[in-house]
Amino acid sequence: VLINEELPWFTHQLRSGHIVSVTSSLDLPSVASQERAYLLHSGLKSMLAIPLLMEGAIIGALSFGSFTSQRQWSLGLVSSLRLSAEIMSLGIRRNQYAQGLKSIAQTMDSISLDRTAHGEKTADHFRDRAVKLMQAENHERRHMGQVLHEDVMQILSAVGMLVQSGENGISQSPAGAKAVALLKDALQKLRQLTLELRPDAVCKMTLAEGMHWLADQVRRRYGLDVEVRIVGEFDHVGEDVRSFLYDSARKLLENVAVHASCKQATVELQRSDPNYIQLTVSDEGVGFKPAGLSDMHGAAFGLFSIREQLELFGGMMDVQSSPSRGTRVSLSVPVTNGLSE
1038 VLINEELPWF
1048 THQLRSGHIV
1058 SVTSSLDLPS
1068 VASQERAYLL
1078 HSGLKSMLAI
1088 PLLMEGAIIG
1098 ALSFGSFTSQ
1108 RQWSLGLVSS
1118 LRLSAEIMSL
1128 GIRRNQYAQG
1138 LKSIAQTMDS
1148 ISLDRTAHGE
1158 KTADHFRDRA
1168 VKLMQAENHE
1178 RRHMGQVLHE
1188 DVMQILSAVG
1198 MLVQSGENGI
1208 SQSPAGAKAV
1218 ALLKDALQKL
1228 RQLTLELRPD
1238 AVCKMTLAEG
1248 MHWLADQVRR
1258 RYGLDVEVRI
1268 VGEFDHVGED
1278 VRSFLYDSAR
1288 KLLENVAVHA
1298 SCKQATVELQ
1308 RSDPNYIQLT
1318 VSDEGVGFKP
1328 AGLSDMHGAA
1338 FGLFSIREQL
1348 ELFGGMMDVQ
1358 SSPSRGTRVS
1368 LSVPVTNGLS
1378 E
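Written out as structure tokens, the structure is:
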């Protein structure tokens, strides 16, 4: 609403990357007469607008307002709300990258039967686009994980320690006890989100180290005992491959933890072929009929999203399962066809 031709001063400020903070309509400059009229007509006493950035461009604004009384927007509050705007921008970018990959996968399906030189060239073009989208998404995931870990979680942890310190008596009251419980729940959910986004520290690990770290996090989160088997050398696997394998292993292990009704799982990395890495996640849980995979909702979505991305690069996924006999999902990931070392 704030970025439109009817509010030129707001629009100019936000498109220039400036935060618009208004305690009272009287604070607005004389050139902002249309904005002053807008505040008076809408009943807003105070407002704050933070630009949303995506790849250096302004795509909108996250706005906050007070209709009951005038409000001073303190630096601390603005800083916290600015984090919210950054997280929102990152979420929008991730969604656009996901939609882009889905569109590319659909296009690849339509040209998969074209075996001519033109068809192969077109397929290579779309693989390159898919790789760039995945690389951009990985960058945004790392950035969002860093923001959550280094900023939001640190703030919540500090607030939790202050509340529980007992110095102000807050933690002794029923409301204080509830606040502590809510903070703990928020921190637990943020840790899970950070796990999904792949913390920066994990990105610096080798593939084997990352799998062991993931196994430990899954055990803590779900109580699932994960055995990691590494067969071959993976010290020099590139970030694209590491990211895809880590995310795939996480999704598959979460499927086991949520749907398999078992307490143990195995993750195995093999490299019998120098051009491929094989990731296998297996369990001895309840299993399912592969033909009925569409009835498994969340589990099916996880498997389909992995397969969709994998097929873009000429990889393969094999699912073996039957009721009461567990599940074995194997991915063959190429390292020379789009995804690189």
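So for the sequence shown, our numbering puts the first residue at 1038; every next one is plus one. All C-beta atoms in this analysis are idealised placements derived from N, C-alpha and C, irrespective of residue type, glycine included.
Could you give the first and the last residue of the continuous beta strand (DSSP E) run that contains Thr-1048?
No beta strand (DSSP E) contains Thr-1048, which is instead part of the alpha helix (DSSP H) from 1045–1052.
Contact set for Ser-1058: own chain, Cβ-Cβ below 6 Å, skip 5 residues either direction
Leu-1085 and Trp-1110
Decide if the region 1250–1262 is in contact with the region 1285–1292; the criterion is three or more beta carbon pairs, one per stretch, under 8 Å apart.
yes
Let me confirm a value: Thr-1105 is counted as buried when at least 16 other C-beta atoms fall within 10 Å, else exposed. Which label applies?
exposed
On a Cα-Cα basis, can you pick out the residue from Leu-1368, Leu-1076 and Glu-1043 that is closest to Glu-1305?
Leu-1368
What is the DSSP secondary structure of Ala-1245, counted as helix, strand or coil?
helix
Have a look at the DSSP bridge pairing and note the partners of Ile-1267.
Leu-1306
Check Arg-1258 in the structure and name its three-state DSSP category.
helix
Between Ile-1087 and Asp-1310, what straight-line distance do the alpha-carbon atoms span, to the nearest angstrom?
51 Å
C-alpha gap between Ala-1297 and Leu-1282, whole angstroms
21 Å
What separation, rounded to the nearest whole angstrom, lies between the Cα atoms of Ala-1074 and Ile-1129?
31 Å
Tell me, which residues are paired with Asp-1320 by DSSP?
Ala-1302 and Thr-1364
So is Glu-1123 in contact with chain B if we call contact Cβ pairs under 7 Å?
In the structure shown, chain B does not exist; there is a single protein chain.
Starting from Ser-1070, trace the alpha helix (DSSP H) both ways and give me its first and last residue.
1070–1079
Using beta-carbon positions only, say whether Ser-1359 and Gly-1324 come within less than 7 Å of one another.
yes
For Ala-1218, count the other beta carbons within 10 Å of its own beta carbon; 16 or more makes it buried, fewer makes it exposed. Which is it?
exposed
Sequence-distant residues of its chain with Cβ nearer than 7 Å to Leu-1044 (five each side left out):
Gln-1071, Glu-1072 and Tyr-1075
Where Phe-1101 falls: helix, strand or coil (DSSP):
strand
Expressed to the nearest angstrom, what Euclidean distance is found between the alpha-carbon atoms of Leu-1117 and Pro-1371?
The amino acid occupying residue 1117 in the given sequence is Ser; Leu does not appear at that position. Cα to Cα, the separation comes out at about 42 Å.
Asp-982 in three-state terms, based on DSSP:
Because the chain spans 1038 through 1378 in this model, residue 982 falls outside it and cannot be assessed.
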